[in-house]
Amino acid sequence: MAGEQRLVPAADGTRIFAELHGPDRSGVAPLLCLPGLTRNGRDFEPVVDRYASERRVLTVDFRGRGRSENAADPLTYRPDVELADTLAVLDAFGLHRAAVLGTSRGGIVGLLMSAIAPDRVCGLCLNDIGPRIEPAGLLRIMGYVGFEMVFPDWNSGARAYGATAPGFVDVSEEQWQTAVQRAYVRRQDGRITPYYDMKLSATLPSRQDVEAGKTPELWSLLPALAGKPVTCLRGDASDLLSRDTVNRLCTELPQTDAIEVPGRGHVPFLDEPESVAALDRWLARIDGVA
């Protein structure tokens, strides 16, 4: 489903790609979709297909990912800069408030947005991310981010892509093909490569710090979400989001609707029945009909 596409200039001039789908309906909150570290707005195609008939759905490619421009300074590949870019995109489309759906890195940006610009967030859904990131999952991701991978065809790309995502079961070849065609791109020379700037790794923590447990935790941001609808999806085999973190999240924000998605690691595709039902409930809470 094609929407209104824009390249929105960020404060430093980097142009951020965003696409707005769906009608503007009174009493229905726009849905803002923020992708994972190396991913882009195409990850939310199932979400757009389901909800764009009833509300505005805005997907964003963070700087250096997908159809956004690469940053001149790779040290700007940080959640605080990505938040500033996202707010600029919202302003460009004339959207003041939104329900925020964040996958992995996008969820971190959503947590920051809830604390720094709370009047712009009417609810938050975290897709396999929380205030604490498990070192094992982060180390796995650091093992491939920034390393050039080139494939001659989509089949070989899909096999390699699935190999970087442990914990997934009952995923068909067609599903992996769909997933890789969202996250990778065919270049003009025919090569198939990840669809992000390889310099994205510039702001990742050091392996030594991660192994020593020196990774930031974001529990202090949660009070900004008090009273707002919160949902947390966790792949039941996720190595990035632990059950302990989800349990603590539910303790600190008792309104949290926590769901485990069976047969999924990091991250659920958002087309699973459990994910769809959870998103339906969350949006109904935000719109005040549940």
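Positions in the sequence shown are counted from 1; adding 94 to them yields my numbering. Using N, Cα and C, we set each Cβ at its ideal position, and we do this for glycine too. Computed from a prediction, not measured in an experiment: that's the story for all the values here.
CA-to-CA distance, residue j to residue i, given in whole angstroms
| i | j | result |
| --- | --- | --- |
| Arg342 | Thr180 | 28 Å |
| Leu233 | Phe363 | 21 Å |
| Gly237 | Arg301 | 10 Å |
| Glu113 | Ala96 | 8 Å |
| Gly217 | Arg100 | 25 Å |
| Leu369 | Val355 | The identity of residue 369 in the sequence shown is Ser, whereas the question assumes Leu. So the two alpha carbons sit approximately 7 Å from each other. |
| Asp381 | Tyr278 | 35 Å |
| Arg276 | Ile223 | 20 Å |
| Ala384 | Asn249 | Note on Ala384: pLDDT 41, under 50, position unreliable in the model; no value is reported. |
| Trp376 | Val141 | 13 Å |
| Phe156 | Arg226 | 22 Å |
| Ile184 | Glu98 | It is worth fixing the name first, because residue 184 is Leu in this sequence and not Ile. If you take the alpha carbons of Leu184 and Glu98, they lie about 13 Å apart. |
| Ala259 | Ala331 | 10 Å |
| Gly240 | Val361 | 19 Å |
| Val102 | Asn164 | 13 Å |
| Pro173 | Leu334 | 17 Å |
| Pro288 | Tyr171 | 16 Å |
| Gly231 | Pro367 | 25 Å |
| Asp264 | Arg281 | 30 Å |
| Pro310 | Pro299 | 10 Å |
| Gln271 | Asp247 | 11 Å |
| Arg144 | Ala166 | 36 Å |
| Val60 | Leu125 | This structure does not reach residue 60, given that the chain is present from 95 up to 384, and the question cannot be answered. |
| Cys219 | Glu267 | 28 Å |
DSSP three-state assignment for residue i, whether helix, strand or coil
| i | result |
| --- | --- |
| Thr350 | strand |
| Asn134 | coil |
| Ala384 | Caution is warranted here: a pLDDT of 41 is assigned to Ala384, below 50, making its placement in the model unreliable, and the coordinate value is therefore given only provisionally. DSSP places Ala384 in coil when its eight states are reduced to three. |
| Gln282 | coil |
| Glu176 | helix |
| Val239 | coil |
| Glu148 | coil |
| Asn249 | helix |
| Ala193 | strand |
| Ala211 | coil |
| Gly217 | strand |
| Ile110 | strand |
| Pro446 | A question about residue 446 goes unanswered here, because the residues of the chain that appear run from 95 up to 384. |
| Asp365 | coil |
Beta-carbon proximity list for residue i, same chain, < 8 Å, skipping 5 on both sides
| i | result |
| --- | --- |
| Pro168 | Gly158, Asp291, Lys293, Leu294, Ala296, Thr297 |
| Ala320 | Leu347 |
| Gln269 | Phe363 |
| Asp365 | Pro140 |
Nonlocal neighbours in the same chain, by C-beta distance under 7 Å from residue i, ignoring five residues either side
| i | result |
| --- | --- |
| Ala372 | Thr325, Leu327, Asp351, Ile353 |
| Ala254 | Met243, Phe245 |
| Gly329 | Asp222, Gly261, Val355, Arg358, Gly359, His360, Val361, Pro362 |
| Ala186 | Arg100, Val102 |
| Val274 | Trp248, Gly251, Ala252, Tyr255 |
| Ser336 | Glu228 |
Within 8 Å, strictly: CB atoms of residue i and residue j
| i | j | result |
| --- | --- | --- |
| Gly196 | Asn221 | yes |
| Leu205 | Leu312 | yes |
| Val393 | Glu176 | Given that the chain is displayed from residue 95 to residue 384, the structure contains no residue 393 and the question cannot be resolved. |
| Gly130 | Arg199 | yes |
| Ile110 | Ser162 | yes |
| Ala257 | Ala192 | no |
| Ala104 | Ala178 | yes |
| Gly121 | Arg136 | no |
Residues near residue i in its chain [Cβ-Cβ closer than 6 Å; skip 5 each side]
| i | result |
| --- | --- |
| Arg379 | Pro323 |
| Phe138 | Cys127, Thr153 |
| Arg209 | In the sequence under discussion, the amino acid at residue 209 is Ala, which differs from the Arg named in the question. Taken in chain order, the residues that qualify are Leu315, Ala318. |
| Arg133 | Ala277 |
| Arg285 | Val244 |
| Val215 | Val194, Met207, Ser208 |
| Ala182 | Val102, Ala104 |
Distance cut-off 7 Å: residue i Cβ against heavy atoms of the ligand SAH
| i | result |
| --- | --- |
| Thr350 | As far as ligands go, the structure on display features none, and thus does not contain the ligand SAH. |
Is it a yes or a no for the stretch 144-158 touching the stretch 111-120, going by three-plus beta-carbon pairs under 8 Å?
yes
I want to know whether the stretch 301-308 touches the stretch 333-348 - three or more CB-CB distances under 8 Å.
no
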